[in-house]
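To start, the structure itself, in structure tokens.
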Amino acid sequence: MSKVLLPVENKKKYGYKDNSGQVIIDSQFDYAEEFVHGKAIIAVGDKYGFINENGNIVIEPIYDDVYNFSEGLAVVELNGKKGFIDETGKIAIEEKYDEVNSFCEGMAAVQVGYKWGYINKNGETVVQPQFLDAEDFSEGIALVQLGGKLGYINKQGQFIIEPKFSYAGSFNEGIAVVAENKRYGFINSSGDFIIREKYSYAGDFNEGLALVEIRGKYGYINKQDELVIEPAYDWVDSFYNGYAAVSKNEKYGFIDKTGKEIVPVKYDNVDSISEGLISVEVDGKWGYLNNNLEFVIKPKFDDAHEFINGVAEAELHDKTVYINTKGEII
896 MSKVLLPVEN KKKYGYKDNS GQVIIDSQFD YAEEFVHGKA IIAVGDKYGF INENGNIVIE
956 PIYDDVYNFS EGLAVVELNG KKGFIDETGK IAIEEKYDEV NSFCEGMAAV QVGYKWGYIN
1016 KNGETVVQPQ FLDAEDFSEG IALVQLGGKL GYINKQGQFI IEPKFSYAGS FNEGIAVVAE
1076 NKRYGFINSS GDFIIREKYS YAGDFNEGLA LVEIRGKYGY INKQDELVIE PAYDWVDSFY
1136 NGYAAVSKNE KYGFIDKTGK EIVPVKYDNV DSISEGLISV EVDGKWGYLN NNLEFVIKPK
1196 FDDAHEFING VAEAELHDKT VYINTKGEII
């Protein structure tokens, strides 16, 4: 099992334990997050910086806010303005923007006043601020809002699909969900409809399937617009690792991509299937089932999430805790 460092609170100070429960970094910070790519956000007082996995401060806590690194750069905020630092802590793009998104596909959306545009990693404005809203680039295309309508641009800022939609999602698996006149359909990256606008609601394609609403019930279609799972549910989620959460009559369970209920729709809520454990809620408390649908961790938590490397984040008595696959608090 991979070693994972987990932030833990002790007497209002944060440090880190590994997933065996051994203290690795003593409690000394006023705030701490999980490690991402070898660095973790911490706070000293009300200022934020980063430490490495040895607990050494690698970027001094001098900022009013910081985000995790993405594509080698991290968002920082100082005196109400945002910019970017590199992994050494050097200012890469000065703090001059009112709002920014993290870098994605080499571009970051930035806000100047009330308008959004895009910059590259050199801090050069590639697309002038002109949009009411701007999403991250996905598959080389970004969703933007102009004049109350949604459309798509390329990395040169040129509209490849004109802003004409009342609702639109980012491209995923080469397809985007869009809506006009309260009807949802799907387009390709050329803007051509591959599935006409006929659904009351539709979600993004994920793992080859998209959720759709038909006459108040939800099911799933494939990219050929074939109904793969009949609309029998009051609510459904997108597929993730081959499974999707579904709901009927205010009860929840999981289905697989054939529509088979692998976890019966009888629980008060469900969260995830991970590492052979299924997190479910019963009478206001969360626990975990095994693949035989037997409770291996009794419902006692206020919330419970997926296991990663044998560790899951949970809530107990209004406090975040980490548990192992036996349900023991680390």
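Take any residue in the sequence shown, note its place counting from 1, add 895, and you have its number in the numbering used here. Just so it is clear, CB atoms sit at the ideal spot from N, CA and C, and this is done for glycine as well.
8 angstroms Cβ cutoff met for residue i and residue j
i	j	result
Phe1032	Trp1011	no
Phe1149	Ile1168	yes
Ile936	Phe945	yes
Val1158	Ser1142	no
Gly933	Asp921	no
Gly978	Ile986	yes
Glu1075	Glu1102	no
Thr1215	Leu1172	no
Gly984	Val1007	no
Phe1066	Ser1085	no
Ala1063	Leu1104	no
Tyr1079	Tyr1096	yes
Glu1068	Phe1100	yes
Leu900	Glu948	yes
Glu966	Gly916	no
Gly1042	Pro1024	no
Val939	Phe964	no
Option in the options with minimal Cα separation from residue i
i	options	result
Asn1049	Ser1061, Asn905, Asp1028 and Val1021	Val1021
Tyr962	Glu982, Asn1144 and Lys907	Glu982
Ile1089	Val1072, Asn1076 and Arg1078	Val1072
Lys1152	Tyr1138, Gln1040, Gln917 and Ile1082	Tyr1138
Gly1098	Ile1082, Glu1208 and Asn1186	Ile1082
Asp1198	Val1191, Phe1190, Glu1189 and Glu1208	Glu1208
Glu1201	Tyr1135, Asp1178 and Lys1146	Tyr1135
Tyr1009	Asp993, Lys1016 and Ser997	Asp993
Leu968	Val1165, Glu989, Lys942 and Asn1117	Glu989
Tyr943	Ser965, Asn951 and Glu972	Glu972
Tyr1217	Lys907, Lys912 and Lys906	Lys912
Glu1176	Asp1163, Gly1018 and Glu1170	Asp1163
Gly1018	Tyr1047, Ile980, Asn951 and Lys1044	Ile980
Ser1061	Ile1070, Gln1051, Ile1192 and Tyr1047	Tyr1047
Asp1178	Lys1193, Gly940, Lys1016 and Ala1140	Lys1193
Lys1016	Glu1030, His1212 and Asn996	Asn996
Tyr1227	Pro1126, Ser1174 and Glu1170	As shown, the chain starts at 896 and ends at 1225. That puts residue 1227 outside it, with no answer to give.
Gly1154	Asp959, Ile1056, Leu1106 and Ala1003	Leu1106
Residues that residue i bridges to, as DSSP identifies them
i	result
Phe924	Tyr909
Arg1078	Glu1075
Val1107	Ala1097 and Gly1114
Val953	BP columns for Val953 are empty, so no partner.
Asn1164	Glu1176
Ala1063	Val1073
Lys1214	Leu1211
Within-8 angstroms CB hit, residue i to chain C
i	result
Ser1142	This model lacks chain C altogether; it includes just one protein chain.
Nearest-angstrom beta carbon gap, residue j and residue i [assumed within contact, 8 angstroms]
i	j	result
Ile1109	Tyr1128	Not quite, the Cβ-Cβ distance comes to about 11 angstroms (not below 8 angstroms), so this is no contact.
Asn905	Ile1225	Their Cβ separation, rounded to whole angstroms, is 13 angstroms, which puts Asn905 and Ile1225 out of contact at 8 angstroms.
Original post:
In chain order, which beta strand (DSSP E) runs of at least 3 residues are fully inside the segment 1167-1208?
Top reply: 1172-1177, 1180-1184, 1190-1196 and 1198-1203
Subject >> Completely contained beta strand (DSSP E) runs for the segment 996-1038, where each covers 3 or more residues >> reply: Under the rule that a run must span 3 or more residues, the beta strand (DSSP E) segments found entirely inside the segment 996-1038 read 1002-1007, 1010-1015, 1020-1026 and 1028-1033.
Original post:
What runs of the beta strand (DSSP E), each 3 residues or longer, lie entirely inside the segment 1109-1161?
Top reply: 1112-1116, 1122-1128, 1138-1143 and 1146-1151
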